[in-house]
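The next block holds one structure in the form of structure tokens; read it before the comments.
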């Protein structure tokens, strides 16, 4: 199988990952976003474990809104703590 960016594939050794979309290809691996929400690098030597999947079988993970962290309280200098 020829792996190209945009292909929808499944990994025969890990069907629980669901279908995946090929996001990037390098000379040594392919980055694939699977329906379980994880991106995985698959080495070229393991491309034989990838099979074509139906285009509709890939369900991209839902977008999770970014959560803003609360601001930290200002630190009290050590000298000020001794006076308290």
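In the numbering used here, the protein residues as written are 351 to 434.
Every residue gets a Cβ at the ideal spot worked out from N, C-alpha and C, and that includes glycine.
In this structure, does DSSP put residue i in helix, strand or coil?
i: residue 400; result: strand
i: residue 371; result: strand
i: residue 391; result: strand
i: residue 407; result: helix
Just to confirm, are residue i and residue j a CB contact at a threshold of 8 Å?
i: residue 353; j: residue 397; result: yes
i: residue 407; j: residue 394; result: no
i: residue 365; j: residue 385; result: no
i: residue 399; j: residue 363; result: yes
i: residue 388; j: residue 381; result: no
Tell me residue i's beta-bridge partners as DSSP assigns them.
i: residue 384; result: 370
i: residue 360; result: 401
i: residue 379; result: 393
Please classify residue i: is it buried, with 16 or more other beta-carbons within 10 angstroms of its beta-carbon, or exposed?
i: residue 377; result: exposed
Three-pair Cβ contact test at 8 Å for the stretch 363-374 versus the stretch 389-408:
yes
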